[in-house]
Amino acid sequence: MNIDDEIEASPESNVAGPRDLGLVAVHRGVDPSTGNQDVEEYHAIEDEEEQNESQIDNDVNSNENIETSSAPDSPESSTIHEFDMTLPSSHSYLGSNLQELRGRTLLDEGIYMNLPLLIRESVVLFPGQILPLAKFGRSVVEMLLKCISDNRTFGVLCYRDDKLQTIGTTAEIYQYNEENSPEGFCIKAIGRQKFEVLRIIHGFQKVSANVKILPEIVLPSPFADYRSFSLDFQRGQFDKINNHKKEKIEKVEALLTHWPSWVYKQFDPQSLASHIKHHLTHIETRGSHAPDDPIELSYWVAQNLPLTDDERVLLLKFDCAISRLQWELKYLTKDRYLACSNCGIQIGKQSDVFPMSKEGPQNTFCNSGGFVHDTITLYDVSNIILSGEQPSTEYSWFPGYAWTIAYCERCNDHKGWCFEAHNDKSLRPQSFWGLTRRGLKSIKGDLIEDLYELDPGLVVPSLLDTLLRH
């Protein structure tokens with residue numbers, strides 16, 4: 001199988017890996033029926049908890065005020081303006097004359113079909129994720145042009161460490177540029193449905209596969225067989241305002257089962273989604289929005305977490321949103337930091353991650369060489385050095401910002417870019433960091449064993465003694 005060489009150094013460079021340049025060390029601070037007895041049980045629980053609701057509301061309002069007051073880069077004058085977070089997802093660097101394709105293609109779940117494949121290293125596409133692509137070989141261009149004239153759908157498979165994954169996602173092209181345009185042939189596609197590869201077919205400079213379109217399994221409510229119809233008048237349409245009422249009804253219905261209500265909550269997609277949204281409050285207060293639907297949310301979180309390729313493929317293999325949400329909730333409840341995927345030195349903190357796009361803190365971009373980067377944005381980083389080049393605005397993924405290539409200070413491995421406002425001192429934030437997902441790994445920061453798994457030399461004796469004493 002021929003895989004095109006990929007270019008990964010920068011948004012516009014055709015050089016892979018560190019270049020022979022002077023490196024400047026920097027440490028910058030930058031700004032988820034039965035009867036009346038049921039009714040009596042319900043009211044008993046309601047009386048016990050009613051007095052806590054006002055206190056909960058006060059706590060929520062207090063937390064919202066704290067979030068608002070602590071948000072960085074608050075405008076101090078009318079001349080300061082915030083970055084337009086809708087710009088990155090438009091991928092304007094691909095050109096302004098892309099043709100739009102209307103309609104939507106949905107394949108029947110469970111069907112078997114032949115699907116043209118686009119194989120890319122370290123690219124794991126999720127349903128709902130936008131995938132910009134450019135700089136193709138002739139055979140790939142012909143395949144994509146045929147897709148555009150047909151149902152606009154092709155398959156995306158991840159290739160990593162000489163291993164081709166068997167689970168992928170269909171991508172539907174919704175915008176494209178003509179081959180003879182100044183920018184060259186490029187497309188914007190969006191992930192649609194998962195598929196399983198049954199057999200790879202190698203043609204003349206083309207690859208396709210016989211695949212099965214995988215269904216998304218939706219399980220019924222855990223209380224579907226124990227529903228108390230006498231409480232339907234209290235049930236209504238549950239939303240954020242009356243979640244407490246929902247919890248009370250579930251406690252009553254749990255009395256009819258062998259297990260307490262908290263057991264069933266672990267398998268309730270709405271409850272899991274609510275807990276995850278709570279962990280994402282700091283992201284949403286900064287301008288991004290996570291979906292409310294549990295299925296869409298499960299894929300959105302998977303897309304925005306700094307996961308390894310294996311972890312992303314694992315989430316893609318789950319056939320139910322409940323399993324994905326459970327895995328993601330466990331991930332989010334751990335205190336983590338970002339480390340270099342090559343040498344393990346700490347690069348950033350979870351608290352420094354913030355969104356520069358409406359799509360979330362981690363977005364997919366491609367550089368002028370055609371290499372695809374999942375890029376996560378942070379206010380501040382450590383142990384990073386910059387190349388000695390002048391900042392460039394060419395092919396910038398964030399209009400108004402110039403980029404400089406960034407490397408790991410310890411191993412000199414490419415980590416991402418520093419973005420600085422270009423000739424606009426009123427733009428906020430003035431600077432930030434965009435780090436490539438494949439250059440990072442997320443480490444649980446609450447266990448000393450995690451450091452030893454990376455490198456025993458990372459823990460200095462004085463720090464080790466301090467941790468052991470506590």
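If you count by UniProt numbering, then the sequence shown holds residues 1 to 470, one letter each, in order.
The beta-carbon is built from N, C-alpha and C at its ideal position, and this holds for glycine as well.
Please read all numbers here as calculations on a predicted model, not as lab measurements.
- Output the boundary residues of the beta strand (DSSP E) element that contains methionine 85. Run containing methionine 85: none; DSSP gives neither H nor E here.
- So is threonine 333 buried or exposed if we call it buried at 16+ other beta carbons inside 10 Å? exposed
- Message: For lysine 441, which residues in the same chain have their Cβ closer than 7 Å to its Cβ, ignoring the five residues on either side in sequence?
- Response: Thr308, Ala339 and Ser341
- Query: Is DSSP giving aspartate 374 helix, strand or coil here?
  - Reply: strand
- Task: Specify, as a first and last residue, the run of the beta strand (DSSP E) that alanine 339 falls within.
- Result: 336-340
- Message: Which residue marks the beginning of the alpha helix (DSSP H) containing glutamine 175, and which one marks its end?
- Response: No alpha helix (DSSP H) contains glutamine 175, which is instead part of the beta strand (DSSP E) from 167-177.
- Task: Check each candidate in Asn177, Pro361, Leu305 and Tyr112 and name the one with the smallest Cα separation from glutamate 95.
- Result: Per the sequence presented here, residue 95 reads as glycine, with glutamate not at that position. Checked all of Asn177, Pro361, Leu305 and Tyr112; the closest Cα to glycine 95 is Asn177.
- Taking one C-beta from the stretch 348-366 and one from the stretch 296-316 each time, how about it: are there three or more such pairs within less than 8 Å? yes
- Query: Out of curiosity, what's the CA-to-CA distance linking valine 211 and leucine 198?
  - Reply: 5 Å
- the ligand SAH heavy atoms versus the CB of proline 222: any closer than 7 Å? The ligand content of the structure shown is nil, which means the ligand SAH is not present either.
- Item | Proximity of glutamate 172 and arginine 104 at Cβ, strictly below 8 Å | yes
- Message: For phenylalanine 185, would you say it is in contact with chain B, using Cβ-to-Cβ distances shorter than 8 Å as the test?
- Response: Checking the listed chains, one finds no chain B in this structure; it contains a single protein chain.
- Query: By how many angstroms is the C-alpha of phenylalanine 371 removed from the C-alpha of phenylalanine 154?
  - Reply: 18 Å
- Task: For isoleucine 201, name the three-state secondary structure that DSSP assigns.
- Result: strand
- Pair within 8 Å by beta-carbon distance, glutamine 270 and proline 294: yes
- Message: Just verifying my parser: in three-state terms, what is the DSSP assignment at isoleucine 80?
- Response: coil
- Could you give the distance in angstroms between the alpha-carbon of lysine 277 and the alpha-carbon of glutamine 205? 45 Å
- Message: Let me check understanding here. Comparing Cα to Cα, which of Met85, Thr281 and Lys246 lies closest to aspartate 268?
- Response: Lys246
- Contact check, tryptophan 433 vs glycine 416, beta carbons under 8 Å: yes
- Query: Taking C-alpha atoms, which residue in Gly400, Cys158 and Pro88 lies nearest to residue 479?
  - Reply: Since the first residue shown for the chain is 1 and the last is 470, residue 479 is missing from the structure and cannot be characterised.
- Query: What residues in its chain sit with their C-beta under 8 Å from that of lysine 146, if we drop five residues either side in the sequence?
  - Reply: Pro116
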